[in-house]
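To start, the structure under review is shown below, and the notes come after it.
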Amino acid sequence: MIGGLDQQIKEIKEVIELPIKHPELFEALGVAQPKGVLLYGPPGTGKTLLARAVAHHTDCTFIRVSGSELVQKYIGEGSRMVRELFVMAREHSPSIIFMDEVDSIGSARTESGSGGGDSEVQRTMLELLNQLDGFEATNKIKVLMATNRIDILDPALLRPGRIDRKIEFPNPSEGSRVDILKIHSRKMNLMRGIDLKKIADKMSGSSGAELKACCTEAGMYALRERRVHVTQEDFEMAVAKVMKKDSEKNMSLKKLWK
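Under our numbering, the residue at position 136 of the sequence shown is numbered 136, and the numbers go up by one with no gaps.
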């Protein structure tokens, strides 16, 4: 269950799920299927979570690799790994290749190479561009990429034909924050009358990961007091801790470590 990403879910279904399940719709319209999708936004906003959910709902082989894994010490190793990645995807199609932290190999190239390491990273990216150009979207292979730094990616990687859709994952709105808190607290033993909207208001600008951490911390405060119910006060102290507010003066150490 994913909260606060209704628009992103709709967009990713259009470019990933629909072409795999109903390719005939694109053939009837004479429209080329999208090849790649870039998910970008701050850390903890649900990019990886949504990528996994899409793979599950489409019954595709999900191949995940981190960009940092493709940064190798020896010349040619990173390029070889990229080639093997796409070979594996073809052998197990329909498949989704999910490349997390793609900025580690896809950053913009500079004219003055600063060393052999940078040259190897550039060779790895060139191999990735070659592979993106070398397969047809109708082969039931989709490429998902995720990054926190879209501003440093190379324009050659972002052009249509390689990355056909860019989906932004901003920090959740107020209503989305309430939905996320409801999802992560649905199995918790809460006291009656807990106002999750009030908690969401206090966590303005927070990510989905921080909202989840707030629920976990609230449970830990109840655990320290040997209680089986989580109270509003537990949530408020959890918010203060997660949001890194200077609230230690208002907290009783006796209450925390009793």
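Built from N, CA and C at the ideal position, the CB exists for glycine as well.
Please read all numbers here as calculations on a predicted model, not as lab measurements.
Contact set for residue i: own chain, Cβ-Cβ below 7 Å, skip 5 residues either direction
{"i": "residue 85", "result": "63, 65, 97"}
{"i": "residue 53", "result": "2"}
{"i": "residue 109", "result": "122, 154"}
{"i": "residue 70", "result": "78, 81, 82, 105, 124"}
{"i": "residue 197", "result": "178"}
{"i": "residue 195", "result": "232"}
Distance, residue j Cα to residue i Cα
{"i": "residue 216", "j": "residue 229", "result": "13 Å"}
{"i": "residue 188", "j": "residue 23", "result": "42 Å"}
{"i": "residue 127", "j": "residue 79", "result": "6 Å"}
{"i": "residue 267", "j": "residue 74", "result": "The question about residue 267 has no answer, for the chain in this structure spans 1 to 258."}
{"i": "residue 55", "j": "residue 3", "result": "18 Å"}
{"i": "residue 17", "j": "residue 173", "result": "26 Å"}
{"i": "residue 231", "j": "residue 90", "result": "52 Å"}
{"i": "residue 161", "j": "residue 124", "result": "19 Å"}
{"i": "residue 224", "j": "residue 142", "result": "47 Å"}
{"i": "residue 156", "j": "residue 106", "result": "9 Å"}
{"i": "residue 238", "j": "residue 45", "result": "19 Å"}
{"i": "residue 152", "j": "residue 236", "result": "37 Å"}
{"i": "residue 76", "j": "residue 158", "result": "23 Å"}
{"i": "residue 163", "j": "residue 51", "result": "16 Å"}
{"i": "residue 234", "j": "residue 9", "result": "32 Å"}
{"i": "residue 48", "j": "residue 140", "result": "20 Å"}
{"i": "residue 221", "j": "residue 5", "result": "29 Å"}
{"i": "residue 88", "j": "residue 175", "result": "41 Å"}
{"i": "residue 7", "j": "residue 169", "result": "10 Å"}
{"i": "residue 19", "j": "residue 100", "result": "22 Å"}
Presumed contact (8 Å Cβ cut-off) between residue i and residue j, rounded CB distance
{"i": "residue 58", "j": "residue 21", "result": "7 Å"}
{"i": "residue 132", "j": "residue 36", "result": "6 Å"}
{"i": "residue 205", "j": "residue 171", "result": "6 Å"}
{"i": "residue 102", "j": "residue 67", "result": "5 Å"}
{"i": "residue 12", "j": "residue 167", "result": "6 Å"}
Residues of its chain near residue i, where Cβ-Cβ distance is below 6 Å and the 5 sequence neighbours each way are ignored
{"i": "residue 248", "result": "With a pLDDT of only 48 at residue 248, under 50, the local geometry of the prediction cannot be trusted, and the value read off the model is given with reservation. For residue 248, where only same-chain residues beyond five positions count, there are no Cβ hits under 6 Å."}
{"i": "residue 114", "result": "Here the model assigns residue 114 a pLDDT of 46, short of 50, so the residue's position is not dependable, and the following value carries that caveat. Excluding sequence neighbours, residue 114 sits near nothing in its chain."}
{"i": "residue 165", "result": "15, 34, 37"}
{"i": "residue 191", "result": "229, 231"}
The stretch 206-216 contacting the stretch 180-187, beta-carbon criterion three pairs below 8 Å: Judged by Cβ distances under 8 Å, the stretch 206-216 makes contact with the stretch 180-187, as three or more pairs qualify.
Output the residue ranges of the alpha helix (DSSP H) runs that lie fully inside the stretch 203-244 and measure 4 residues or longer, sorted by chain position. Complete alpha helix (DSSP H) runs here, min 4: 208-224, 232-242.
Counting Cβ pairs, one atom from each stretch, are 3 or more of them under 8 Å apart for the stretch 138-148 and the stretch 28-48? Output reads yes: the stretch 28-48 touches the stretch 138-148.
Three or more C-beta pairs closer than 8 Å, one from the stretch 193-203 and one from the stretch 229-243: is that the case here? yes
Which parts of the stretch 63-134 are runs of the alpha helix (DSSP H), unbroken and 4 residues or longer, counting only runs that do not cross its ends? 77-91, 103-106, 116-134
3 or more residues per run - each beta strand (DSSP E) lying fully within the stretch 21-57: Runs found: 36-40.
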